[in-house]
Each structure stands twice: as C-alpha cells, then as structure tokens.
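Participant: The working numbering puts the first residue of the sequence shown at 27, with every later residue one more than the last. Attaching a single structure in structure tokens format; questions to follow.
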Amino acid sequence: MPKVKRKSRMPKKFSVKSGDKSPSGGLTAKGVRRYRAANPGSKLKTAVTTPPSKLKKGSKAAKRRKSFCARMSGMPGPMKKPNGKPTRKALALRKWNC
C-alpha cells in the first residue's frame with residue numbers, strides 16, 4: 027500500500043505578543059482576535075469580569091465564569107513569583123473574580 031500524506035490538523039503556531047496580554051491577566055480583545063484569526067473555528071472569548079453578584083444566576087456568563095474558576099483553581103503552580111509579584115495564573119483568577 028502506498029503511503030498517503032495527511033494534511034496536519036494542528037493549528038498554526040500562535041505566539042502571544044506583548045500587546046495581546048493584559049497587564050491585569052488574560053488576553054486583551056486584540057489578543058483574542060489574533061488567536062481566532064490564527065485558529066479558525068475557535069470560540070475563544072475574553073474574560074467574564076462582571077462581579078458574581080451582578081451576574082444573573084445560571085446565565086451563560088455565570089456558568090462560563092464558574093467553569094473557568096473550577097478549572098483554573100485546580101491548576102498546579104505558585105500564585106507568586108520569587109520576587110513577590112503575582113503569576114499570570116493569579117492575575118487571571120483575580121480578573122475572573124474567582
């Protein structure tokens with residue numbers, strides 16, 4: 027049987043540039059647009075920054091926030107860098123009000 031070349035299904039490499047990262051954690055809207063352009067079919071969205079008290083219970087945004095917090099809170103790794111500054115993980119959790 028002859029070998030058949032398969033087209034790779036891996037997305038193009040995406041490197042996060044400085045203007046795409048928010049200093050307060052996560053990606054900026056520009057960063058999300060760049061990611062979605064590099065990965066067609068992606069449904070990446072920006073963070074749900076609305077305080078939980080202002081979100082309607084059971085709404086899509088509230089469910090997204092709860093799911094993100096559950097996944098990210100269980101991630102291994104420190105919350106502070108050796109110099110005392112918060113890590114990107116800590117910044118993201120704070121931004122999502124986890």
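Cβ coordinates follow ideal geometry from the N, Cα and C atoms, glycine included.
1) Let me confirm a value: G52 is counted as buried when at least 16 other C-beta atoms fall within 10 Å, else exposed. Which label applies?
2) I believe M105 touches A116 by the beta-carbon criterion, under 8 Å. Please report the beta-carbon distance rounded to the nearest angstrom.
3) List the endpoints of the continuous alpha helix (DSSP H) containing M98.
4) Since G57 is in the alpha helix (DSSP H), which residue starts that stretch and which ends it?
5) Taking the Cβ atom as the reference point for each residue, do Y61 and S50 lie within a distance shorter than 8 Å?
6) Mind checking G45: buried by the 16 CB within 10 Å criterion, or exposed?
7) Which same chain residues end up closer than 7 Å to L70 when comparing Cβ atoms and leaving out the 5 residues on each side of it in sequence?
8) Below 8 Å between beta carbons: does that hold for K121 and A73?
9) Roughly how many whole angstroms lie between the Cα atoms of C95 and G110?
Facilitator: According to the structure data:
1) buried
2) 4 Å
3) K86 to S99
4) A55 to A64
5) no
6) exposed
7) V58, Y61 and R62
8) yes
9) 23 Å
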